[in-house]
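This note's numbering numbers the first residue of the sequence shown as 1 and each following residue consecutively.
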Amino acid sequence: MVDRLSALARASGPWLAMGLLLAALVFAARDGVVLMVLAVIVAGFLLFVVALGLERAGRWLVVLGFFVAPWSAVVLPMATFVTFADVFFAMGFGLLLPSMLLSRTSLRVPMLYTVGAIGSLSLGLLASLLVDDSVASLGMFARFVAGVLIVPLVFMVWKPPVRVIGHLAMAYALGTCASIGYGVTKGGERPGTRFIGMTEHPNILGITGLLGLALIPFIWTRIKPHHRWFWLGVAAVNAAAVWFSGSRAALVVAIAVVLMWPVIERSLRGGAWMLLVGAVGVLVADQFFSVSGDSALARLMGGGSSWGSDAERSNLLRHYWHGFLERPLTGNGFEEAVLGHNVYLQVAFSMGVFGLIAFVLVLLAGAISLFTSPRPLHRLAYPVVAYAMIAMITSVIWDRYIWAPLALAFAAQVLDRSQLEDEDIRANLLSAEPDPAAAGRHAARFVHR
């Protein structure tokens, strides 16, 4: 009897404490509606954590962060540079921090990332200190560090299991669907216009659609056959985000990734199906959804608003190129880092040619997973490759809607064998080396490092 009462007390204690806390918070905030709402939110969050535990609650908050990551225009009212994704990531990883710190597995970071990150940190800091307005440059450089360097590093420290990585990828693709769905339902976006969704610019919607599409090949390996029709629909909506955004860069890179498929996956039949479906989709969309000539294909062919955009890009590229030539070694700082419509030129302009090399090494550290990670984890590198290509014709560098999905490829490279819960992934890990003795040595290294 005593044991039963003790077990009941342990089970009901946290819930009773939460009820008392909720009552106390509401009583303390009884004189203000806003304070009362905040009190309920705080109590609800604490209840969520108590119900799931720190680790599970943290995981689901990060998943929610991935879902809202494509919504770049959804920001905090008092801090417009902080998105809802930032808030969920901060809360999620805050809850995961104890388990990350107490983890017995050693931290392993790819050498390419290490060299690139150290080079970017030192050269970016030096470039910022050598310009006239160092404060402004350091402020923008902090965003570069947070997005490009810290986000992948956090995922490599966390090392989420493959199952969780699948949930994160799914959440991002669904978040892009919600973004374009919001734009359609609010009535301001219709075929023939450039959709913006819940982003700041149509080109950003195109990039989120591109990255969502690039995640579909990995998601495909994580779902049951009877769910594939649903995810085909999700892929179609992400493709629609590319099309209706009018982003020529996103369309060209999406086609390039499709063309890579049969080579990387060694599947001619799969590549043929993707080309066939893609070609039919483009023809249908061009026939029925290009009313004003502002679709991605129409703008790629020189129609719609492409002429004015091309002129603006040419002027900006010329400005950044001349700025880079003036200070090719130390750079001009990060105050003007995000306007040049060429990420590589912008990075070279900001912290010089060696800073550009360091940045490319960070990208390469993620992209190389396409060839080094066991199948199908290698498919997580498709978003990295897609961004590496679109970076030549876009301005965005450090935003979380880019580096959150890219970070999954970094995480896949450092997973422990115990986290590869799928037998097919373990088998692919060993089959990468045809020699049985070499395979044994490889597996031993993978377990113990």
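All residues carry an ideal CB built from backbone N, CA and C; glycine is no exception.
All values derive from a computational prediction rather than experimental measurement.
Residues near residue i by beta carbon distance below 6 Å, same chain, minus five either side
i, result
"G209", "T176, N238, A241 and V242"
"F244", "F195"
"A348", "F324 and L356"
"R379", "P217 and F218"
"L138", "S128"
"P152", "A407 and F410"
"E326", "none"
"L377", "A412"
"A432", "Only weak support exists for where A432 lies, its pLDDT of 42 falling under 50; the value from the coordinates is given anyway. Around A432: no qualifying Cβ."
"R313", "H341"
Top-ranked residue by Cα proximity to residue i, from the options
i, options, result
"I204", "L251, I368 and G92", "L251"
"A365", "S122, L64 and V414", "V414"
"L345", "L316, S373, S369 and R59", "L316"
"L259", "G246, L232 and A214", "A214"
"R222", "V162, F230 and L370", "V162"
"A337", "S350, T330, G124 and G246", "S350"
"I180", "P110, H201 and L126", "H201"
"L126", "L329, Y401 and H319", "L329"
"V109", "R143, G331 and M156", "M156"
"I165", "G183, I264 and G65", "G65"
"G332", "M111, A136 and S373", "The sequence shown places Asn at residue 332, not Gly. Comparing Cα-Cα distances from N332 to each of M111, A136 and S373, the minimum goes to A136."
"W231", "P262, W261 and M170", "M170"
Residue i vs residue j beta-carbon contact at 8 Å
i, j, result
"V145", "L95", "no"
"A388", "A358", "no"
"S128", "S134", "yes"
"A117", "V343", "no"
"A404", "Y172", "yes"
"V257", "A409", "no"
"F334", "F141", "yes"
"H167", "V63", "yes"
"T394", "A254", "no"
"I397", "V131", "no"
"P383", "L211", "yes"
"L123", "G352", "yes"
"Y401", "P70", "yes"
"D399", "S72", "yes"
"I390", "I264", "no"
Cβ shell of residue i (< 7 Å), same chain only, five flanking positions each side left out
i, result
"V74", "V68, T83, F84 and M198"
"L61", "F88, M91, G92 and L95"
"F288", "Its pLDDT being 48, under 50, F288 is placed unreliably by the model, and the measurement read from it follows with that caveat. Answer for F288: no residue qualifies."
"M392", "N342 and Y344"
"A51", "none"
"L494", "Residue 494 lies beyond the stretch modelled for the chain, which goes from 1 to 449, so this question has no answer here."
"A235", "L213 and I216"
"L101", "none"
Contact set for residue i: own chain, Cβ-Cβ below 8 Å, skip 5 residues either direction
i, result
"V154", "F93 and A407"
"L54", "L95, L96, P98 and S99"
"M78", "none"
"W373", "The question names Trp, but residue 373 in the sequence shown is Ser. Excluding sequence neighbours, S373 sits near L380, A381, A409, A412 and Q413."
DSSP bridge partner residues for residue i (one or two, in chain order)
i, result
"T83", "V75"
Contact with chain C by residue i, beta-carbon distance below 8 Å
i, result
"W220", "Among the chains of the structure shown, chain C does not appear; only one protein chain is present."
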